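Residue numbers (the numbering used here): 8 to 343.
Glycine residues also receive a C-beta, built at the ideal position from the N, C-alpha and C atoms.
The structure presented is a predicted model; accordingly, all values stated were derived computationally and were not measured.
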Ligand SMILES: Cc1ncc(COP(=O)(O)O)c(C=O)c1O
């Protein structure tokens, strides 16, 4: 237990996140009497599902004595969304020495958002995506150890990575599934379609959906240009590419082995891919027809949900609207 003041600070923070709407897609025509529902995680305070995760991670590490507010410098890596949630929580909780590593070719709106919470930014090389920022983080932590002469996590003055790559982190997604259950009047989901990046939220949600209904089929979707989840599941090794091959930031962390991710492949029934053209078509429909200005991972899963709807009948499909369009401000010729 923390002090009563700290406990109530955490409670207040946790009350700000989650309880997002479950939206039934209603304007885009869906074939064969299928229904597509989207958990609107983009409506969380910083615009993603990771707002559910960081209050829990900070709380856990603080209880374990690994971090102390106002003392411990904290750090995290990101493609934008997790870093925003992390920096937002750090500021609210009094961790003012806060650093975020983000790849140099991330959209500028993401960098600005993270900065707005007072975090310092370090750029990892462009083109390398998650592999680049993980390598840079490891280097920084090794240097810290050399400088301070202590082991990682041993001293509260040592820099600590409040990382989403933590198997316990997936537990926060039970509440998301409970929210879904309470809105759906007992109806269950036949399919969950998800974009997988670090794995923490995507496979966490998958696990609790399956605990609720073991017949829910979980389909992970990769961008066709970068089938990284496919490689991890079926080829048992990460996909190696020399430069950032896709623009679905958040999904498909190529170049990283499973040991550096938090993906539970046992809850993923199958992995499919979607082409850029299919994603762009779905994205345009989400924005212009459905009036939901969401980001590219939402279009990735929506594109596959529409494809699946051609093949099955009278099914309930769940996806996430996982972040907003403004986080991709830079290149939208196909929406003009
Ligand atoms: C918008 C968005 N969707 C999906 C994902 C994938 O989630 P996870 O990393 O939990 O697998 C991410 C990860 O950053 C994301 O930012």
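Looking at the DSSP output, residue 230 shares a beta bridge with 281.
Beta-bridge analysis with DSSP links residue 161 to no other residue. Of the candidates 298, 151, 200 and 70, the residue whose Cα lies closest to the Cα of residue 258 is 200. A Cβ closer than 6 Å to some heavy atom of ligand 1 marks a residue here, and those residues are 55, 86, 88, 89, 202, 203, 204, 205, 206, 207, 208, 209, 257, 258, 302, 304, 329 and 330. Taking the Cα of residue 19 as reference, the smallest distance to any Cα among 43, 63 and 195 is reached at 63. If you draw a straight line from the Cα of residue 308 to the Cα of residue 151, it comes to about 40 Å. A residue is called buried once 16 or more other Cβ atoms fall within 10 Å of its Cβ, and residue 185, having fewer, is exposed.
Taking C-beta atoms as the reference points, residue 275 and residue 234 fail to come closer than 9 Å. Setting aside the 5 residues that flank it on each side, residue 128 is surrounded in the same chain by 107, 109, 118, 121 and 122, each with a C-beta closer than 7 Å to its C-beta; the list follows chain order. The C-beta distance from residue 40 to residue 320 rounds to 6 Å, short enough to meet the 8 Å contact threshold.
Counted as a single uninterrupted DSSP element, the beta strand (DSSP E) harbouring residue 106 occupies residues 105–110. The beta carbons of residue 98 and residue 327 sit about 25 Å from each other, so the pair does not count as a contact at 8 Å.
With contacts defined by Cβ atoms closer than 9 Å, residue 94 and residue 105 form a contacting pair.
At the C-beta level, residue 102 and residue 84 stay beyond 9 Å of one another.
Classified as buried, residue 135 has 16 or more neighbouring CB atoms from the shown chains inside 10 Å of its CB. Counting only runs of at least 4 residues, the segment 180–253 fully encloses the following alpha helix (DSSP H) elements, listed from N- to C-terminal order: 180–190 and 207–219. Under the DSSP definition of a beta bridge, residue 127 partners with 106. Per DSSP, the unbroken alpha helix (DSSP H) holding residue 306 starts and ends at 303–318. The beta-bridge partner set that DSSP reports for residue 140 is empty. Excluding the 5 residues flanking it on each side, residue 73 has same chain C-beta neighbours closer than 7 Å at 160 and 167, in chain order.
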